[in-house]
Structure formats: C-alpha cells, structure tokens
Amino acid sequence: MTSKKKMASEIKIKTKNNKAILVDYPDNLTLIGKGRSAFVFKISGENKVIKLFFPQFSHLAKQEAEIYDALADIPYFPKCYESGKNYIVEDFIEGKTMFQCLVEGVNITERMVQDVDTAIQSARSKGLNPSDIHLRNIIVTPGDGIKLIDVARFRQSKDCMRWRDLKKAFYFYYQKPHFPKRWAPVLLDLIGAVYKKGWLAFLLGKNQNINLLQK
60 MTSKKKMASE IKIKTKNNKA ILVDYPDNLT LIGKGRSAFV FKISGENKVI
110 KLFFPQFSHL AKQEAEIYDA LADIPYFPKC YESGKNYIVE DFIEGKTMFQ
160 CLVEGVNITE RMVQDVDTAI QSARSKGLNP SDIHLRNIIV TPGDGIKLID
210 VARFRQSKDC MRWRDLKKAF YFYYQKPHFP KRWAPVLLDL IGAVYKKGWL
260 AFLLGKNQNI NLLQK
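For what it's worth, this note's numbering labels the leading residue of the sequence shown as 60, then goes sequentially.
Next up, the structure:
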C-alpha cells in the first residue's frame, strides 16, 4: 500500500440524506475544499493534494485520472501522480479561483480569459469535450497564469455553455468601467442558484444568458 493510498483509506466519510459528511482524516492532511463530488486535502510538506470522492461518485476517480493523463503535456492543467478506487493525487495549485477574485476585487484580465480559451482548445485537440468550466474551477496563479481543475466531466457528450456564457459576461459586462469588480459571496451564490433554476435567462432575455456563477 502506498503512503497516499494509506492516507486516503484513513479519511472517513459517512453519508446522510444522500449528503457526504466528513468524519475524520489524518493529521498530515488539511481540508482545503469540498465540491459536488469530493473533498480535497493538502498533503503536509508536499505541493500535492488528495482528492477523495464521495461514495456515490467514487467511479469518477478513474475517469478523472485518465483525463489528466491525456492532458499531461498541457501546462494549463495540474499533473495527476496516483489514483485509486476513490481518490486521485494531483498538484496543489497556489492561487485564487476566479470566484475568489470576484469576492476580493482582484482584477480578471482579458489575457486570463484568452488563456482559458487556449486551455480548452488544447484539451479539445486531445479528443476531449471540456465541460463544467465555471469560476470555482479556474485558478489564477500568483504570476497571473491560469490553471483549470476538476476535469472529470471532460468526456461528456453534451455541449456545455458555461464557458461561452462566462466570456459573454466578461466582454459585455465585467469590462465596463462602472461594472462592480467586488461581489459578496452570498450574492454570487444567489445568482448561481437563480441561474440553476433557469430564471436568469428569463430575467435578462434569451440573448443574454449568462452562466456566471453556477457551481
């Protein structure tokens, strides 16, 4: 058993009402994130993380590891080092998500948007279909570079509009001089919830369907 596999096996999760609840984890791990399908832990003394999938999403570990392998030569994605039945080990990416940038008022530049475009096109050149790209999956590194994380859905067949909507919002709204550059998290989450219900398109008109914040 590898040391990372042992760490993963010592993370205890229980499920209640179809929701994953973190019960316990080793002292050499620090919880740094929770998404729709996994907990993410920083490994002490290493620039790596363990992403442990919830029981109902454990099958995504193998899928995401395979996708990261396909993306290995593209610098816009983290490297995957190891995977198991319900976990992967990948690079720890220092920086802020674009969601955090909006919360803290950190400027999002056109170059960053262009870099995300380049990352997506590079992934498509590998036969993948980049999907589920939203503000919490795009990290701005300290040098204003871009990294995309959470690629498990890059093989889905449906056409995902999220990134196109984000670009539309950036060019038609965010770049305007008087458009607010700092947003309260609760307001961002509310906008995301409204969009998820399908109401935002109705309020803004079908030609201004902006998927800014959906998780």
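For every residue, glycine included, the Cβ atom is placed at its ideal position computed from N, Cα and C.
Within the same chain, Cβ atoms closer than 6 Å to the Cβ of I80 are found at K73, the five residues on either side in sequence being excluded. In the three-state reduction of the DSSP assignment, L249 falls in the helix class, which pools H, G and I.
For V165, there is no enclosing alpha helix (DSSP H), as DSSP marks it with neither H nor E.
Closest in alpha carbon position to T156, among D203, S62, C219, T89, is D203. In the three-state scheme derived from DSSP, where H, G and I count as helix and E and B as strand, E123 is classed as helix. Distance check between Q159 and each of R195, F116, V82, V253 places R195 closest, using alpha-carbon atoms only.
Membership of A228 in the alpha helix (DSSP H) is indicated by the continuous run 221-228.
Within the same chain, and ignoring the five residues on either side of W242 in sequence, the residues whose Cβ sits closer than 8 Å to its Cβ are L161, V162. With respect to I109, Y146 sits close: the two C-beta atoms are nearer than 7 Å. Assigned with DSSP and collapsed to three states, Y140 falls in strand.
Collapsing the DSSP output to three states places K101 in a strand. Beta-bridge partners of L90 (DSSP): F100. Distance from the CA atom of I208 to the CA atom of V165, rounded to whole angstroms, is 20 Å. Remark: C-beta atoms of F151 and P189 do not approach each other more closely than 7 Å. L119 is a Cβ neighbour of A211, given a cutoff of 7 Å. Boundaries of the alpha helix (DSSP H) harbouring K63: 62-68, taken from the DSSP string.
Taking a contact to require three or more Cβ pairs closer than 8 Å, the region 231-248 and the region 179-188 do not qualify as touching. Judged by their CB atoms, V199 and G251 are not nearer to each other than the 7 Å cut-off. Distance from the CA of F229 to the CA of I197, rounded to the nearest whole angstrom, comes to 14 Å. In the DSSP assignment, A131 forms no beta bridge with any residue.
With contacts defined as CB atoms closer than 7 Å, L111 and A97 qualify as a contacting pair.
With 16 or more neighbouring CB atoms inside 10 Å of its own CB, F136 falls in the buried class.
With contacts defined as CB atoms closer than 7 Å, I133 and S181 qualify as a contacting pair.
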